[in-house]
Amino acid sequence: MNDGETPSVRRRTDTRRRLLAAAADLFEASGTIGQSVEALCARAGFTRGAFYSNFTSVDQLYLALHEEQAGRVWHRLGAALEAQTSGEGRQGSLEEAVGHLLDSLPDSREWFSLRSVLLARAAADPVFADLMRIDDGAVAAELGARFVALAAVHGREPVVEPALLAKAVVAAHVGAVGQAAVDPDGVRTQVVAVTAVIRGLTVESAAP
193 MNDGETPSVR
203 RRTDTRRRLL
213 AAAADLFEAS
223 GTIGQSVEAL
233 CARAGFTRGA
243 FYSNFTSVDQ
253 LYLALHEEQA
263 GRVWHRLGAA
273 LEAQTSGEGR
283 QGSLEEAVGH
293 LLDSLPDSRE
303 WFSLRSVLLA
313 RAAADPVFAD
323 LMRIDDGAVA
333 AELGARFVAL
343 AAVHGREPVV
353 EPALLAKAVV
363 AAHVGAVGQA
373 AVDPDGVRTQ
383 VVAVTAVIRG
393 LTVESAAP
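Residue numbers for the sequence shown follow our numbering, beginning at 193 and rising by one.
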């Protein structure tokens with residue numbers, strides 16, 4: 193089937209995909225983004241030239257990997273929020289609803305781990321921080337609107353703007369996931385942390 197792509201475009205797309213997969217594999221094995229171009233190329237089966245035709249640096253590769261992984265997480269979270277607010281599988285209490293949302297997320301431990309490493313790097317390196325765009329404004333606004341709708345289902349309304357509510361919820365979840373390796377009750381911690389943030393940044397809706 194002709195999808196409109198030239199062979200060179202398809203090759204470039206495949207090369208990029210394989211480099212991203214190699215970066216994910218090496219990060220999972222080492223827990224760092226301090227890989228060499230040579231190691232990444234060896235893992236993906238390419239030359240340095242192929243690497244530099246797609247990325248200017250290892251940093252750029254890992255930032256692209258984070259963006260790709262984040263896109264999958266945001267998509268699943270948005271779909272789960274839509275289901276909760278439209279009545280499909282809606283849970284009885286806010287805490288039950290949060291538990292359902294978290295259960296709906298893909299297995300994203302690698303993304304949370306990579307995000308934590310990138311944030312630590314950004315905190316120490318202002319130049320790197322300028323390159324890191326972890327929360328697109330449009331995504332935060334869209335998720336925020338859905339969290340507002342979720343709160344409304346449970347008789348609550350936000351005391352902050354929707355995008356800030358979404359960012360606070362994500363921060364709470366990321367923090368809880370970050371300590372999951374040493375928390376024997378990690379899943380429960382995640383549910384409690386996210387529920388507490390939603391309750392803390394909302395109030396009971398005024399009677400009509």
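Positions of the beta carbon are idealized from the N, C-alpha and C atoms, including for glycine. Remember, it's a predicted structure, so these values are computed and weren't measured experimentally.
Stretch-stretch touch, CB-based, cutoff 8 Å, three pairs: the region 373-391 with the region 306-319: No, they do not touch.
Distance between beta carbons of residue 258 and residue 306, contact taken as under 8 Å: Contact between residue 306 and residue 258 holds, with the beta-carbon distance rounding to 5 Å and staying under 8 Å.
Close-in-space but distant-in-sequence residues of the same chain around residue 193 (CB under 8 Å, 5 per side omitted): Any reading at residue 193 is ruled out, since the residue's pLDDT is 46, under 50, leaving its predicted position unreliable.
Residue 401 in three-state terms, based on DSSP: Missing from the structure shown is residue 401; the chain here goes from 193 to 400 and no further.
Pair within 8 Å by beta-carbon distance, residue 232 and residue 243: yes
Cα-Cα separation between residue 386 and residue 397, rounded to whole angstroms: 19 Å
Residues that DSSP places opposite residue 395 in a beta bridge: 349
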